[in-house]
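Q: Mind having a look at this structure? Questions to follow.
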Amino acid sequence: MEKTVNQRAWILVLPVVLLVAFSSVIPMMTVVNYSFQDSFRGNDFFWVGLEWYSELLRSERLWDALGRQLLFSFIILLIEIPLGILIALSMPKKGWLASLCLVLIALPLLIPYNVVGTIWQIFGRSDIGLLGRVLIDLGFSYNYAQNAFDAWATVIAMDVWHWTSLVALLSYAGLRSIPSAYYQAAKIDQASRWSVFRYIELPKLRGVLIIAVLLRFMDSFMIYTEPFVLTGGGPGNATTFLSIDLVKMALGQFDLGPAAAFSLMYFLVILLISYVFYTVMISIDKDETKQ
Amino acid sequence: MSAQPSSRKRMPRIRWSAIVMIAYLLFLLVPIYWLVVMSFKSNSEILNAFTLFPDEFTFQNYETILTDPSWYMGYVNSFIYVALNTVISLAVALPAAYAFSRYRFYGDNHLFFWLLTNRMAPPAVFALPFFQLYSSVSLFDTHIAVALAHCLFNVPLAVWILEGFMRGIPREIDETAFMDGYGFTRFFTRIFIPMIAPGIGVTAFFCFMFSWVELLLSRTLTSVDAKPITAIMTRTVSASGLDWGVLAAAGVLTIIPGAIVIYFVRSYIAKGFALGRV
Amino acid sequence: MASITLENLAHSYHAQPITDSDFALKAVNHEWEDGRAYALLGPSGCGKTTLLNIMSGLLQPTRGRILFGDTDVTHLSTAERNIAQVFQFPVVYDTMTVGQNLAFPLRNRGMEAGYIADRVTRIAEMIGLEQHLTKKARGLTADLKQKISLGRGVVREDVNAILFDEPLTVIDPHMKWELRTQLKSLHREFGHTMVYVTHDQTEALTFADEVVVMHDGRVVQIGTPQELFETPAHVFVGYFIGSPGMNFIPVTLDGRQAIAEGGAIDLLQDFENPGGDIVLGIRPEFVRLSRDTGLPIEVKQVRDAGRHKFISAVLFGSEINIVADAGTEIAAEMTKVVFDPSKISVFCNDWRINAGSPQTAKVGAS
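Protein chains in written order, with the working numbering: chain P, 8 to 298; chain C, 93 to 370; chain W, 9 to 374.
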């Protein structure tokens, strides 16, 4: 559909621009401003230039948190995307059973983040949790509050529990939009189940999977509340992801300057990686179309 | 015309997908089951006995919450700012999404991308500046402050989803209405909005969802008067030590509104997720 | 390859069909002879696609049986029936090249690589895809995509039948003719049984040896294009085939005479009044204007359309169409009309009746 050029459309967009500018540009200016200054007790400021940036880049704190963050996002994408597709393929296609599955699957998405943390805390604790007790009874020395590996495993299980449904619902919606003629043609052509998936379903899911990967990457990269409630970033700094570290710095230690510099670099990293993801996926898309 | 599965030979695959589905649902529901069970136990049972079902079934935990204003006002506060946020997001996103779906204008693509980048902004980055911004305009600890803060990620999302729905409506409808002498406002409210009612429903669902589940900003921007239930939960736990039963009960109570909302939009969920612009 | 027999085939999309109207397909009996080209013609929603999908095994019929030769295949899967089908909208495997698309049905059946390559090249040449073989399928135009679908339909040599479900819907008019010609030549070359579903009578009449006309879930007539034109078995066939369709005049029968409001028409034969609603049908091509003999009419409009003249007129209060050759002279004083008596059809309760064979009116043909 060809759109018409109409500059008055700006009037319709203006409320959004003003509102989002108020919520994002002004705070961003504050952050940029802080990142170049030092403060004493939060009211005397003086200019320090790029000092916070160079200090942060030299400190291991940022790099460690970034490394943990990247590893975490990578693992959960690796689990949630294939699992979500599998769930979508396994969902009933119609009837009350399909509605029931949709409702149950969507449930974790509407649980407040800290309650998600609480649920897994209650579930995983080795003294009162079902999971913790069962694992210990089975002879594992499981304790997510003490052991870094257990903490990671629990945080990842929690994220998979919380967000795989999003990937599943997106994929399910994508699958539903495939015309039935494709499945019929595949039957006529005697395609195997794998071929149907490989040559019909997966190519048609490309669009929603791009959205799914982007959303899951962005949100996992910003994760704060769930691991904070569950592990508080521990044991040690084992599960201190970028947001947790930032909040510690900004609201806990009230180190405004470094926290602001941290914020900006954090935001830039997200934008950069999202942009790379997006362009890579779109360009693969275009290559295949044009050939 | 839809094709029914034509052969009995497909039975093994159906059973296999049922196994995957049941396993996944168990994985989803067992932790929730544990939360629910715990909310009906007394603290001594939680700490001293390991039971899959409460020995002594008690409503004590729920009573604690529902009779204490500092608890239940948390729910009221949450609902107020979630509702405010949903209304604001829809009100500003509807005309903007219409503009993006119908017109080309100077900077439209850049603007769209800029809006989406705000969806990528980590709330942690904004926590401190928001605190200072809303304090300086005397909005700290008000519902409107949280509602506005949540607009940061909900408005871009609302514009995105609504634009997808609106693109699905042929432009001829607009043109016919304008030719019939409808003014823009009347056309938009009387004809267009009813036509994308499902899209508005789906968008409202997402706004509700993301505002309802968010904790970091809502906790940072409130202290007493507008404190959401989710923040009250964390505070109470750290203050009173280990009142697991009440914590579990509060958790259950926060799941219920979400479950009700999902139930009402269940037939739109699949459709709603399918739309959007890549 | 074998003939395909449909026995009492009925299908309903309702789980518990009760009345006749619940059925999309109502009791079809028919035999598709081996190696012939058929067209299945009817308006949208008449049950054509349903019938096709039942034959290919994509749908299970509610009632009845399908036989390939002497084998009952009603409960066999699509693969076991070994049938090819081409759909209304192009179905291509986006991520494969054109060549891989064409090879796909053969590869799935475990054919040898050498054979596949030969066969794909041959088919691609026949339908004009040879210069596209190495391109990815997803970027192609709808025309080319539908050619791929057609190619996948005909690539297998051993199929029992090839079914086409309005395959030219999305194709440009000039390409339609080309593709239809290619299908015809494929049919001549390989001799598959072909069933071609369409709602376009030109397509049906030019493609098929025999046309099966469907209406409201029933087969109303099977015949050559000429039979459908000259002796329609049902008023629907008269109305649907031909452009404009047949003229219908409600009459009562009296010996060799058909009595209409205000005049009588000689039928040459005695139809032995069978009772029920009698309608007389005459093709616009067999109506002639005249100055002095025949029934009185009032000419409303004359349109010159190149090779033909279309005349609309009113006869006994009902509107009729007349088609005359371009050279025919039409004058203002031509106020009479003559029917070619040998071309008159008589219908009782919508079904054709013939003189001499006493007809029991087929009641219930809605």
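Just so you know, even glycine gets a beta-carbon here, dropped at the ideal spot from N, CA and C.
(1) Between which two residues does the alpha helix (DSSP H) harbouring residue 234(P) extend?
(2) Are the Cβ atoms of residue 153(C) and residue 337(C) separated by less than 7 Å?
(3) Count the C-beta pairs between the region 81 to 94 of chain W and the region 131 to 147 of chain W that are closer than 8 Å, then say yes if the count reaches three, no if not.
(4) Taking C-beta pairs closer than 9 Å, name the residues in chain P that residue 136(C) reaches, listed in chain order.
(5) Measuring only between beta-carbons, confirm whether residue 210(P) sits less than 7 Å from chain W.
(6) Taking just the CA atoms, how far does residue 208(C) sit from residue 176(C)?
(7) Residue 12(P): buried (16+ other C-beta within 10 angstroms of its C-beta) or exposed?
(8) Work out the CA separation of residue 52(W) and residue 348(W) for me, nearest whole Å.
(9) Just to confirm, are residue 220(W) and residue 230(W) a CB contact at a threshold of 7 Å?
(10) Roughly how far, in whole angstroms, is the beta-carbon of residue 207(P) from the beta-carbon of residue 234(P), given that I think they are within contact range, below 8 Å?
(11) Please name the residue, chosen from 182(C), 148(C), 191(C) and 181(C), that lies closest to residue 276(C) on a Cα-to-Cα basis.
(12) Answer with buried or exposed for residue 179(C), where buried requires no fewer than 16 other C-beta atoms within 10 angstroms of its C-beta.
(13) Does the separation of the CB atoms of residue 162(C) and residue 150(C) fall below 7 Å?
(14) With a Cβ-Cβ cutoff of 7 Å, do residue 242(P) and residue 158(P) count as a contact?
(15) Would you say the region 216 to 232 of chain C touches the region 250 to 265 of chain C, given that touching needs at least three Cβ pairs under 8 Å?
(16) So, at 8 Å on beta carbons, what are the nonlocal neighbours of residue 353(W) in its own chain, with the 5 sequence-adjacent residues on each side left out?
(17) Evaluate residue 20(W) with the Cβ neighbour count: other Cβ atoms within 10 Å of its Cβ, from every protein chain shown; 16 or more gives buried, anything less gives exposed.
(18) If contacts are defined as beta-carbon pairs under 8 Å, then residue 120(P) and residue 307(C) qualify, I think. What distance do you get, rounded to the angstrom?
(19) From the DSSP output, read off the bridge partner residues of residue 258(W).
(20) Return the residue from the list 258(P), 232(P), 215(P) and 284(P) that minimises the CA-CA distance to residue 173(P).
(21) Residue 86(W) touches chain P at which residues, Cβ-Cβ below 9 Å?
(22) Mind listing the chain P neighbours of residue 152(C)? Cutoff is C-beta to C-beta under 8 Å, in chain order.
(23) When Cβ atoms are compared, which residues of the region 114 to 134 of chain C fall closer than 8 Å to chain P?
(24) How would you list, in chain order, the residues of chain P whose beta-carbon sits under 7 Å from the beta-carbon of residue 102(W)?
(25) Would you list, in chain order, the members of the region 235 to 252 of chain C that have their beta-carbon closer than 8 Å to a beta-carbon of chain P?
(26) Assign residue 326(W) to one of three DSSP states: helix, strand, or coil.
(27) What is the rounded straight-line gap between the Cα of residue 243(C) and the Cα of residue 171(C)?
(28) Could you tell me the distance, in whole angstroms, from the CA atom of residue 313(C) to the CA atom of residue 221(C)?
(29) Any idea what DSSP makes of residue 94(C), helix, strand or coil?
(30) Determine whether the beta carbon atoms of residue 108(P) and residue 99(P) lie at a separation below 7 Å.
(31) State the start and end residues of the unbroken alpha helix (DSSP H) segment that holds residue 72(W).
(32) Mind listing which residues of the region 239 to 254 of chain P have their C-beta closer than 7 Å to chain C's C-betas, in chain order?
(33) Nearest CA to the CA of residue 80(W): which residue from 32(W), 17(W), 125(W) and 166(W)?
(34) How would you write the range of the alpha helix (DSSP H) that residue 128(W) sits in, first residue to last?
(35) In three-state terms, what does DSSP make of residue 44(P)?
(36) Between the region 153 to 167 of chain P and chain C, which residues of the former have CB atoms less than 8 Å from a CB of the latter, in chain order?
A: Let's see:
(1) 232 to 238
(2) A Cβ-Cβ contact shorter than 7 Å links residue 153(C) with residue 337(C).
(3) no
(4) In chain order: nothing, as chain P lies at least about 12 Å away.
(5) yes
(6) 21 Å
(7) By the 10 Å Cβ count, residue 12(P) comes out exposed.
(8) 33 Å
(9) yes
(10) Going by Cβ atoms, the distance from residue 207(P) to residue 234(P) rounds to 38 Å, so no, they are not a contact pair.
(11) 191(C)
(12) exposed
(13) no
(14) yes
(15) By the Cβ test, the region 216 to 232 of chain C is not in contact with the region 250 to 265 of chain C, since fewer than three Cβ pairs between them sit closer than 8 Å.
(16) For residue 353(W), where only same-chain residues beyond five positions count, the Cβ hits under 8 Å are 239, 240, 246, 254, 288, 289, 290 and 360.
(17) buried
(18) 5 Å
(19) 287(W)
(20) 215(P)
(21) Per Cβ cutoff of 9 Å: 191, 194, 195 and 197.
(22) Chain P residues near residue 152(C): none, gap ~17 Å exceeds 8 Å.
(23) 116, 117, 119, 120, 121, 122, 123, 124, 126, 127 and 130
(24) 210
(25) 240, 241, 243, 244, 247, 248 and 251
(26) strand
(27) 15 Å
(28) 10 Å
(29) Its pLDDT being 40, under 50, residue 94(C) is placed unreliably in this model, and the value from its coordinates should be taken loosely. The answer is coil: DSSP assigns residue 94(C) none of H, G, I, E or B.
(30) Yes. Within cutoff.
(31) Segment 71 to 76 is the beta strand (DSSP E) holding residue 72(W); no alpha helix (DSSP H) there.
(32) 250, 253 and 254
(33) 17(W)
(34) 121 to 134
(35) strand
(36) none
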